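Student:
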Amino acid sequence: MHKIILKLAAVAGLLLSGVAFAQTTLTIGLQDDPDQLDPARSRTFVGRIVFASLCDKLVDITPDLKFVPQLATSWTWTDNKTLKFTLRDHVVYHDGTPVDAASVKANLDRAKTLPDSNRKSELATLASVDAPDSKTVVLHLTEPDASLLSQLSDRAGMMQSPASFDKNPGKQPVCSGPYRFKERVQNDRIVLEKFPQYWDAADYHFDRLVFKPIPDATVRLNDLRAGGLDIAERIAPSDAQTVKDDPKLVFAPITGLGFQAISVNFANGPRGAINPFAKDARVRQAFDLALDKDAINQVVGLGLYQPAFQPFPPASFAYDKKFERKGSDVKKARELLKEAGFDRVKVEITYGTNTIMQQVMEMIQAMGREAGFDITLRPMQFAALQSAMARGDFQLAQAGWSGRVDPSANVFQYVGCKGSLNDGKFCDKTMNQLLVDARVELDTNKRKVLYAKFLEQMQAKRPVFYTYYLPWTFALKKQLQGFVPYPDGLIRLKGVTMAAK
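Numbered according to mature numbering (1 follows the signal peptide of the UniProt record, and there is no 0), the sequence shown spans residues -22 to -1, 1 to 479.
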């Protein structure tokens, strides 16, 4: 009898052990494969989705776009050029080293000075950082900056262990979020595992996250319906009704802050030097007039892709309705081309290949042909597109921005003379000064006037062609509880659970 009891106890122990260590995995389908997983160097939206679980920031946002604590518990403007943060107690990086003021200073200094950092223009006003004690960080600015908190609520404010800086953080990131890096197989998966020492670990209920890049929207949805995914981001508009009609799924769309656009190469390498779009603004004006953005919305977006004519979304105080228009103006486009000395213009558009973008670019190709543009399409993998744009290997190229709370963060990166994502090297001193003045100005009404003047210049110069505002269309299993879509399109998993079937 004694032996039987011991055997039963052993079996019970094994069963309990199995429950205790059962792995709950959440699998997320992404539209694209992220570029490198170093917040300072990263430039892709899908990378930001991964970072939302991997790398905590100094501050975060709420669904209604208010700033809230994350690594910092509080912040105070001691004057209009000095911002002081108080850090959270007992927080460590994934390598066990403390998240203290010295490490925050090291991160911000790195983002400012790293030769290939894409955060430089986001932190352009940051002059220096002090760490007077382990929990206090003081930022000294060269001038007032109304956009700074917005920047620090994203990649500029993400913290990595300084001990990892010289260990290829793009491939082996060591951050401070609820999940730590486990492995990556390029174009197949990124795997994160729960970090037990995370300061808020009790609110994160999955042991493992798997991010799978699936560029084909139909395949992405089919994988969700078959059970291979738990969440799929950017569901194609044509599939929205399918999701709504499926009793096992939930459709969770939200209006975003960002845009889809096409950038022009003005002066980035040999391809910029010979780009017909770089030499005469009338060519760019003609191209923009050739684009029927309402048609793109109806045919590809099925009414979900609101036409865009400026970098500011309708929810922004800087948005100016007067720049909207209906349809295209092919006649005017042809007239402008003739004034510029062209009968027809040959140009190549480089873009990241996925279901939606292929449809959009094919429509743009047909619209351009009617107005006098012979467009060659050059699709490539999304991460490869980012590299091509950075080195200037394009004439026109797809540019997407997921949007920020402050209008400065929606435009300075792309058209500021020293913008980190200004791949075409466009620089207009008058426009740049307007952007600087608007960023320095703290009065919202005065900023609105400055942005209105800037938009007038954008209409004349057209360094970027805006096509539509990005809606974030999520689909998820019905058992997934607590998921809330955010206007920035990121997937935040705090409080999210999976109910039993």
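Think of the CB as a built atom: it goes at the ideal place given N, C-alpha and C, for glycine as much as any other residue. No experiment lies behind these values; they were computed from the predicted model shown.
Suppose you measure from the CA of S125 to the CA of I39; what does that come to, to the nearest Å?
Tutor: I39 has its alpha-carbon roughly 14 Å from the corresponding atom of S125.
Student: Considering only residues of the region 363 to 433, which uninterrupted beta strand (DSSP E) runs meet the minimum length of 3 residues and lie entirely inside it, listed in chain order?
Tutor: 374 to 379
Student: Drop a sphere of 10 angstroms on the beta-carbon of F(-2), count the other beta-carbons inside from all chains shown, and report buried for 16 or more, exposed for fewer.
Tutor: The predicted model places F(-2) with a pLDDT of 38, which falls under 50 and marks its position as unreliable; any figure quoted below should be read in that light. Flag for F(-2) reads exposed.
Student: If I measure Cβ to Cβ from L420 and keep anything under 7 Å in the same chain, skipping five residues before and after, which residues do I get?
Tutor: N58, P122 and A124
Student: With 16 as the cutoff for other CB atoms within 10 Å, does V82 come out buried or exposed?
Tutor: buried
Student: Could you give the first and the last residue of the continuous alpha helix (DSSP H) run that contains P248?
Tutor: P248 to A251
Student: Report back the beta-carbon spacing between D10 and V28 to the nearest angstrom; my notes put them in contact at under 8 Å.
Tutor: Wrong, their Cβ atoms sit about 11 Å apart, outside the cutoff.
Student: Identify whether M339 lies in helix, strand or coil by the three-state DSSP scheme.
Tutor: It is helical.
Student: How big is the Cα-Cα spacing for C395 and S294?
Tutor: 23 Å
Student: Comparing alpha-carbon positions, which option in F351, G305 and Y297 lies nearest D321?
Tutor: F351
Student: Taking a contact to mean a Cβ-Cβ separation below 7 Å, would you say L36 touches G135 in this structure?
Tutor: yes
Student: Can you tell which of Y464, L454 and I469 has the C-alpha that lies nearest to the C-alpha of P225?
Tutor: If we check each option's Cα against that of P225, L454 comes out closest.
Student: Within a Cβ cutoff of 6 Å, which residues of the same chain sit near G116, ignoring the five residues on either side of it in sequence?
Tutor: Per the sequence presented here, residue 116 reads as Val, with Gly not at that position. So the qualifying residues of the chain are K62 and D108.
Student: Buried or exposed, going by whether 16 or more other CB atoms sit within 10 Å of the CB of P465?
Tutor: buried
Student: Assign T3 to one of two classes, buried (16 or more other C-beta atoms within 10 Å of its C-beta) or exposed (fewer than that).
Tutor: exposed
Student: Between A477 and the rest of its own chain, which residues show a CB-CB distance below 7 Å, the 5 nearest in sequence each way excluded?
Tutor: So the list reads Q457 and Q459, once near-sequence residues are dropped.
Student: What is the rounded straight-line gap between the Cα of S154 and the Cα of Y176?
Tutor: 7 Å
Student: When you compare each of R262, R347, D178 and A102 to Q129 by their alpha carbons, which one comes out closest?
Tutor: When each option's Cα is compared against that of Q129, the closest is A102.
Student: Is the Cβ-Cβ distance between F143 and K403 less than 7 Å?
Tutor: Not in contact: F143 and K403 (Cβ atoms no closer than 7 Å).
Student: Quick one: residues in its chain with C-beta nearer than 8 Å to the C-beta of K309, no 5 flanking neighbours on either side, listed in chain order?
Tutor: none
Student: Hey, how far is the Cα of I469 from the Cα of I334?
Tutor: 21 Å
Student: Should K132 go down as buried or exposed, given a rule of 16 or more other Cβ atoms within 10 Å for buried?
Tutor: The identity of residue 132 in the sequence shown is Asp, whereas the question assumes Lys. Looking at its Cβ environment, which holds 16 or more other Cβ atoms inside 10 Å, D132 is buried.
Student: Thinking C-alpha only, which one of K257, L399 and R425 is nearest K439?
Tutor: Checking every option, the nearest Cα to that of K439 belongs to K257.
Student: Quick check on this structure: which residue in Y157, Q435 and E348 has the alpha carbon closest to the alpha carbon of Y71?
Tutor: Y157
Student: Under the DSSP definition of a beta bridge, which residues are partnered with G205?
Tutor: According to DSSP, G205 bridges with nothing at all.
Student: So if DSSP puts Y447 in a beta bridge, which residue, or which two residues, is it bridged to?
Tutor: Its beta-bridge partners are F237.
Student: Would you mind working out which of A286, L315, E317 and E313 sits nearest R303, comparing C-alpha positions?
Tutor: A286
Student: Within a Cβ cutoff of 7 Å, which residues of the same chain sit near K479, ignoring the five residues on either side of it in sequence?
Tutor: Q457
Student: Alpha carbons only, please: which of G247, D34, P449 and V474 is nearest the one belonging to I232?
Tutor: P449
Student: Checking 7 Å against the spacing of the C-beta atoms, do K113 and L49 come in under that value?
Tutor: No; because the gap between Cβ atoms is not below 7 Å, this pair is not in contact.
Student: Please determine whether the Cβ atom of F265 lies at a distance below 6 Å from any heavy atom of the ligand MN.
Tutor: Of ligands this structure carries none, so the ligand MN is not represented either.
Student: Can you grab the Cα-Cα spacing for the pair P463 / V442, in whole Å?
Tutor: 28 Å
Student: Just verifying my parser: in three-state terms, what is the DSSP assignment at R356?
Tutor: Assigned with DSSP and collapsed to three states, R356 falls in strand.
Student: Quick one: Cα of G381 to Cα of A141, how far?
Tutor: When only Cα atoms are considered, G381 and A141 end up about 31 Å apart.
Student: Rounded to whole angstroms, what's the CA-CA distance from A56 to V414? Just pull it up for me.
Tutor: For the sequence presented, residue 56 should be read as Thr rather than Ala. Answer to the nearest angstrom: the Cα atoms are 22 Å apart.
Student: Pick from S139, R26, R88 and D94: whose alpha carbon is nearest that of L399?
Tutor: D94
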